[in-house]
Amino acid sequence: MNVSKTFLWQQRPMIYVVGRTFVQTILPFLKKKGSTEVPPQETFVKPPTQSLVKAYSKWTGAEKGRYKSLPPHMFCQYALSFGLDLLNKLPYPLAKIINQGVEIKVFGDVTAKKIYLKTEFVEITEENGRARVHQRMEIGNSKEDICIEVHLLTAFIIGKRVRNGKKEHQVDATPLERIATWSVDKKDGLRFGILSGDLNPLHWVNFIAKATPFKGTILHGFGMYTKTFEILQNYKNQPLKQMSVRFIRPVKLPNDHLQVMLSEKQEGNHSYKIALEDKNGHSLMVGSCEF
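Numbering follows the UniProt record's numbering, in which position 167 of the sequence shown is assigned residue number 167; successive positions increment by one, without gaps.
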């Protein structure tokens with residue numbers, strides 16, 4: 001799939017955030033001290049153009065005609081930079097952020113010519129070399145008409161971590177069946193970067209990515225999320241009301257035969273268990289969804 005670089009003009013807010021993070025990393029004195037007492041902030045933003053929505057939807061695998069408005073997960077294009085602005089007010093460097101999970105709850109369609117955004121911190125904790133942040137974002141046609149609620153779980157590396165032998169992620173014994181597979185090639189990090197605005201070089205610049213613990217380029221966490229989201233909708237042929245995941249391991253690029261797993265039965269809260277696994281059966285992302 002070819003992705004036009006003309007879309008980069010619409011990604012200026014996110015490109016600014018990525019650029020600012022780079023400058024603050026090499027010149028840390030430019031970042032203000034920050035505080036964990038940060039008030040909520042709200043704003044209005046323009047929606048992406050129809051051509052960008054179409055290209056973004058195609059990359060994620062959304063069925064043609066699925067959306068008459070914006071895909072719920074496309075907030076990562078028009079709203080994530082706003083959320084990162086709030087994170088930058090904390091006393092932690094954005095260059096050391098780890099995307100640990102995301103939840104989207106869908107209540108309606110975002111159709112406004114000016115999209116309302118509000119974001120705030122729900123909880124901030126510091127323990128064992130990590131600052132863990134739970135951030136909530138509300139997205140709507142107006143302050144009174146909230147269509148999407150997003151919960152972002154992130155961690156910042158703030159010190160050395162002590163290994164205590166305990167597994168951070170509990171294994172869920174719920175049986176899952178494979179419903180579909182998908183693949184990504186070496187250029188998909190750049191493609192999704194152009195479509196979402198997240199042009200972190202970790203996802204598309206090989207010599208930089210090789211110097212990281214991943215030893216190569218990896219797909220964005222939101223890229224993993226969006227492709228899995230659309231496969232689930234296509235499989236059930238109905239829209240998702242909610243999807244919550246934790247990121248366990250990254251998708252290294254290129255990667256083939258990534259497996260989307262779904263439980264046969266619903267849990268007591270009407271949700272299904274889901275997972276994304278590599279071709280060897282290793283969990284990359286786990287969570288739940290509700291239709």
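Backbone N, C-alpha and C define an ideal beta-carbon position, used for all residues, glycine too.
Report the three-state DSSP secondary structure of Gln41 (helix, strand or coil). Assignment of Gln41 by DSSP, reduced to helix, strand and coil, places it in the strand class.
Inter-residue Cα distance where the pair is Asp109 and Lys143: If I take the Cα positions, the gap works out to 14 Å.
What did DSSP end up calling Val162 once you bin it into helix, strand or coil? In the structure shown, Val162 falls within a coil segment according to DSSP collapsed to helix, strand and coil.
What number of angstroms, rounded off, separates the C-alpha of Ala209 from the C-alpha of Gly193? Between the C-alpha atoms of Ala209 and Gly193 there is a straight-line separation of about 15 Å.
Suppose you measure from the CA of Phe156 to the CA of Gln24; what does that come to, to the nearest Å? When rounded, the distance between both Cα atoms is 15 Å.
Look at the alpha carbon of Leu90 and the alpha carbon of Ala131, and state the distance between them as a whole number of angstroms. Their Cα atoms are separated by approximately 10 Å.
Using three-state DSSP, classify Glu277 as helix, strand or coil. Reduced to three states, the DSSP call for Glu277 is strand.
Can you tell me the Cα-Cα spacing of Arg97 and Thr174, whole angstroms? Looking at the sequence provided, one finds Ile at residue 97 rather than Arg. Take the alpha-carbon of Ile97 and the one of Thr174: they are about 31 Å apart.
Span of the beta strand (DSSP E), counted from its first residue to its last, around Pro154: One point to set straight first is that residue 154 is Thr, not Pro, in the sequence displayed. Asp145 to Ile157 is the span of the beta strand (DSSP E), which, as asked, contains Thr154.
Are Ile15 and Gly223 close, meaning C-beta to C-beta below 8 Å? Taking 8 Å as the Cβ cut-off, Ile15 and Gly223 do not qualify as a contacting pair.
Return the Cβ separation of Thr217 and Asn206 in integer angstroms, given the expectation that the two are a contact with Cβ distance under 8 Å. That pair is a contact at about 6 Å.
For Leu8, which option in Pro39, Pro213 and Tyr56 has the closest C-alpha, if you only look at C-alpha atoms? Taking only the C-alpha atoms, the option nearest Leu8 is Tyr56.
Using a Cβ-Cβ cutoff of less than 6 Å, which residues in the same chain neighbour Lys186 once the five nearest sequence positions on both sides are dropped? Excluding residues up to 5 positions away in sequence, Leu253 and Pro254 lie with their Cβ nearer than 6 Å to the Cβ of Lys186 in the same chain.
Do Phe247 and Gln41 have their beta-carbon atoms positioned less than 8 Å apart in this structure? No. Outside cutoff.
Helix, strand or coil at Val23 [DSSP, three-state]: Three-state result, Val23: helix.
Does the beta-carbon distance from Lys46 to Lys118 come in below 8 Å? Contact: no.
Run of the beta strand (DSSP E) containing Glu264, from where it starts to where it stops: Here Glu264 belongs to no beta strand (DSSP E), and DSSP marks it neither H nor E.
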